[in-house]
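Residue numbers (the numbering used here): 1168 to 1282.
These notes concern the structure reproduced below.
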Amino acid sequence: MNDLLSYKGYEGTVQYSKEDDCLHGRVLHIRSVLGYGGETLAEVKAMFEQAVDEYLVMCAEEGISPEKPYKGSLNVRLGAELHRQAAAMAARQHTSLNDLIVQAVERQVRETLPA
């Protein structure tokens, strides 16, 4: 079992531990390590939400901004030749390299994810 939970913009895993006979998970896409567990799906979901809430409260108390899972920007390593080819294609299409890459990712996501 490996499904994602979602709460307040954060995502978390749900996994079964045969060794401990329980469900557990962690919040994804942030550097802070936030784990949770429970015996039932309802319990692990509640513990996930509690972990997120406690993290947000801790950040507020310490006066720091909570990490956001997705900032809308990322560093992509293409390799020199693919970078050159993509830049040339963007120039031929009178668009930016960034827009070309966004379009390619959007197309791939649209074609891959279920509707």
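Each residue gets a CB set at the ideal place from its N, CA and C atoms; glycine is no exception.
All values reported here derive from a predicted model rather than from experimental measurement.
Reference residue i, options the options, closest by Cα
i	options	result
V1200	E1206, C1189, E1210, F1215	F1215
D1187	T1207, E1278, I1197	T1207
Helix, strand or coil at residue i according to DSSP, with G and I counted as helix
i	result
E1206	coil
E1178	strand
S1263	coil
D1187	coil
R1244	coil
V1194	strand
L1283	As shown, the chain starts at 1168 and ends at 1282. That puts residue 1283 outside it, with no answer to give.
Own chain, CB closer than 8 Å to residue i, minus 5 neighbours either side, in chain order
i	result
A1253	L1245, L1264, L1267, I1268
C-beta contact flag for residue i and residue j at 9 Å
i	j	result
K1212	L1171	no
V1194	V1219	yes
Y1177	I1197	yes
L1241	P1233	no
If you pair each beta-carbon of the segment 1235 to 1255 with each one of the segment 1202 to 1215, do three or more pairs fall below 8 Å? At 8 Å Cβ cutoff, the stretches do not touch.
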